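So the sequence shown is numbered by full-length UniProt numbering: it starts at 1 and just counts up by one. Working notes, structure below.
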Amino acid sequence: MDSHALQDFQSAITCSICMNYFLEPVTIDCGHTLCQPCLYFCWDEAQTPRCCPQCREIVEKTDYRTNTVVKKLTSLARQARPRSDSNSGEQLCRTNGETKGLFCEVDKSLLSAPCSESPEHAVHSYSPVACMAEENREKILKKMDPLWQKTQEMQDNLNKEIRKSESFVDYVVLRRNMIKVQYQMMHRFLLEEERFQLKTLEREAQEILQQLRDSAIRMAQHREKLKEMYRELTELCHKSDMELLQVTKLLEMQKLQPVNPELSSLHITGILDMLNKFRVHNGLIQGWANRYMSLPDEVRNRIFGGDGATENPQTLESYVIWDVEAFKSGKHYWEVDVGNTSNWILGVCKDFTSDSFEGKKGFVLFSSKKNNHCILSTNSPSLIHYLQRPAGRVGVFLDYENETMSFYDVCRGSLIYSFFSSSIISPLTPFFVFGSP
1 MDSHALQDFQ SAITCSICMN YFLEPVTIDC GHTLCQPCLY FCWDEAQTPR CCPQCREIVE
61 KTDYRTNTVV KKLTSLARQA RPRSDSNSGE QLCRTNGETK GLFCEVDKSL LSAPCSESPE
121 HAVHSYSPVA CMAEENREKI LKKMDPLWQK TQEMQDNLNK EIRKSESFVD YVVLRRNMIK
181 VQYQMMHRFL LEEERFQLKT LEREAQEILQ QLRDSAIRMA QHREKLKEMY RELTELCHKS
241 DMELLQVTKL LEMQKLQPVN PELSSLHITG ILDMLNKFRV HNGLIQGWAN RYMSLPDEVR
301 NRIFGGDGAT ENPQTLESYV IWDVEAFKSG KHYWEVDVGN TSNWILGVCK DFTSDSFEGK
361 KGFVLFSSKK NNHCILSTNS PSLIHYLQRP AGRVGVFLDY ENETMSFYDV CRGSLIYSFF
421 SSSIISPLTP FFVFGSP
């Protein structure tokens with residue numbers, strides 16, 4: 001083959017991208033042949049649409065079969081070309097000075113032709129270096145194809161992850177707006193509920209005030225009637241003996257009952273869910289046997305007074321139980337089951353003395369029965385609450401951050417009372433005073 005024909009042949013089997021003999025040649029739609037690895041890298045870095053790197057014609061397919069004819073010619077050309085390193089010192093045999101043109105498959109070493117016939121290698125299998133190199137090249141190419149497939153799969157996953165990230169950002173914006181709308185709706189609902197409860201309070205207050213005014217009028221009228229009766233009885237006492245003996249019936253009047261004002265305990269939406277975020281272990285219920293003491297009769301009578309003070313002390317006892325944990329800071333919520341009893345005390349105090357139970361060193365909610373009517377009251381300052389008595393659990397919320405102490409009717413989900421004080425002392429220990437069944 002003359003030099004021009006050889007150059008044309010070498011040019012025909014040379015990739016226009018890497019300028020080397022083809023590796024896994026593929027022929028695309030436009031008719032140009034390129035290395036598959038070169039084409040992969042070129043299309044991977046290029047923007048769509050994909051096109052021929054040589055003529056820039058747009059191509060539709062991306063998966064092409066190997067051009068086996070060109071591949072075979074390229075392989076033969078590689079094996080036939082002279083080795084560029086054949087005359088280097090490392091490639092010359094030290095024994096006979098000839099080029100190491102053979103590869104021993106057993107020792108994995110290069111041999112010259114005379115050495116391959118030596119007793120040491122006579123029984124070994126060996127092949128020309130170019131042939132073995134081509135076989136190894138083919139093995140490498142076979143590994144490259146699935147590796148590139150994994151690369152493309154990873155690129156697809158990367159694209160999905162990028163799209164997912166963009167979608168997630170959009171969703172977060174949407175979610176944020178939805179949450180804002182829900183809270184705006186909740187705020188409007190709570191404002192409407194607040195207006196309704198304030199109107200209900202105002203209406204009930206006016207009704208109860210009118211009842212109290214009417215009761216006061218009736219009592220004033222009744223008082224005048226009693227005075228008139230007293231005057232008549234006084235005059236009767238001055239009559240003669242015979243006239244007194246003729247009196248057969250004394251005047252009697254029915255006793256009027258006082259009005260006991262009682263407002264409705266209005267439910268506050270979401271209040272218990274908020275409080276339960278600050279719930280703590282309730283030491284007033286579990287393991288209380290080692291932390292209680294009986295309340296002396298004089299202290300019990302001084303605190304509760306009322307109907308319970310005149311009962312037989314042998315049939316009525318009161319106990320105080322306290323928690324092992326004292327609170328010094330933060331927000332804490334707990335609940336205590338007061339049952340259906342009328343006389344109890346619940347709250348927090350600094351230490352355990354009779355003053356603590358009477359509310360002089362803490363924040364306390366009292367329940368006591370007087371004149372056959374249950375009364376709720378708090379200390380600091382002393383205040384009577386015209387509310388329904390809680391039955392069951394009472395919630396207690398101590399908030400050092402906002403300097404408040406609140407009591408809640410858990411069954412009704414309503415507020416009983418909140419202390420707002422800038423002088424909340426520390427530490428404060430929960431306690432509960434209750435009577436025996």
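The beta carbon of each residue, even a glycine, is placed where N, CA and C say it ideally should be. This one's a predicted model, so the numbers in the text were calculated from it and none came from an experiment.
Have a look at the DSSP bridge pairing and note the partners of residue i.
i: P128; result: L102
i: residue 451; result: The chain is shown from 1 up to 437; residue 451 falls before or after that span and cannot be answered.
i: H281; result: Note: H281 sits in no beta bridge, so no partner.
i: K369; result: C374
i: S294; result: Y319
i: L428; result: F327
i: G392; result: G339
i: V348; result: F363, P430
i: D399; result: K331, T404
i: T66; result: V26
i: D409; result: V394, S414
i: H385; result: L376
i: L110; result: F103
i: I58; result: C51
Look at residue i and residue j and say whether their C-beta atoms are less than 8 Å apart.
i: L415; j: S421; result: no
i: I345; j: V433; result: yes
i: Y408; j: I271; result: yes
i: G413; j: I268; result: yes
i: R279; j: W334; result: yes
i: Y64; j: T27; result: yes
i: S377; j: N343; result: no
i: Q79; j: E134; result: yes
i: K331; j: I425; result: no
i: L387; j: L263; result: yes
i: C30; j: F22; result: no
i: D323; j: T429; result: yes
i: P427; j: K328; result: yes
i: W43; j: T66; result: no
i: P37; j: M154; result: no
i: L266; j: F397; result: no
i: H373; j: Y417; result: no
i: V320; j: G347; result: no
Report all residues from its chain with a CB closer than 8 Å to the CB of residue i; omit the five preceding and five following residues, and keep chain order.
i: G392; result: D337, V338, G339, V410, C411
i: F189; result: T269
i: Q182; result: none
i: C55; result: C30, H32
So the candidates are the options; which of them puts its Cα closest to the Cα of residue i?
i: I217; options: F196, V259, L6; result: V259
i: residue 441; options: Q152, R176, F419, A220; result: No statement about residue 441 is possible, as the shown extent of the chain runs from 1 to 437 and does not include it.
i: K361; options: S380, S367, N343, H373; result: S380
i: K255; options: K225, D145, L39; result: K225
i: residue 451; options: V324, C42, L6; result: Given a span of 1 to 437 for the chain in the structure shown, any question on residue 451 remains unanswerable.
i: F9; options: L76, T68, W43, T62; result: L76
i: T341; options: A326, E325, K369; result: K369
i: M70; options: K150, Q206, S11, M186; result: Here the sequence assigns Val to residue 70, which means Met is not the residue at that position. Of the listed residues, the one whose Cα sits closest to V70 is S11.
i: M152; options: E138, E45, R195, L92; result: A quick correction: the sequence has Gln, not Met, at residue 152. Closest by alpha carbon: E45.
i: E138; options: E204, T68, V169, F168; result: T68
Can you list, in chain order, the residues of its chain whose CB lies under 7 Å from that of residue i, leaving out five sequence neighbours each side?
i: E193; result: T269
i: S423; result: none
i: E311; result: Only weak support is given to the placement of E311: the predicted model assigns it a pLDDT of 49, under 50, and the value that follows is read from those uncertain coordinates. Hits under 7 Å: none found.
i: C52; result: I28, C30, H32, V59
i: C18; result: C35, C38
i: A289; result: For A289, the predicted structure reports a pLDDT of 45, less than 50, and the residue's modelled location is therefore unreliable. A value from the coordinates is still provided. Cβ neighbours of A289 beyond the five flanking positions: none.
Confirm the yes/no value for this check: CB of residue i, any heavy atom of the ligand FAD, distance under 7 Å.
i: G347; result: As presented, the structure is devoid of all ligands, the ligand FAD included, so that no description of it is given.
Enumerate in chain order the residues of its own chain whose CB-to-CB distance from residue i is below 6 Å, with the five nearest sequence positions on each side excluded.
i: P49; result: I58
i: G287; result: Any answer about G287 is weak, because its pLDDT of 47 lies below 50 and its placement is not dependable; what the coordinates show is given next. Same-chain partners within the cutoff: there are none.
i: Q197; result: L266
Could you name each continuous beta strand (DSSP E) segment of 3 residues or more that falls completely within the stretch 314-346, going from the start of the chain to the end?
318-322, 331-339
My parser needs the beta strand (DSSP E) runs of 3 or more residues fully inside the UniProt domain "RING-type" (15-56); what are they?
25-27, 33-35
My parser needs the beta strand (DSSP E) runs of 3 or more residues fully inside the stretch 200-270; what are they?
none
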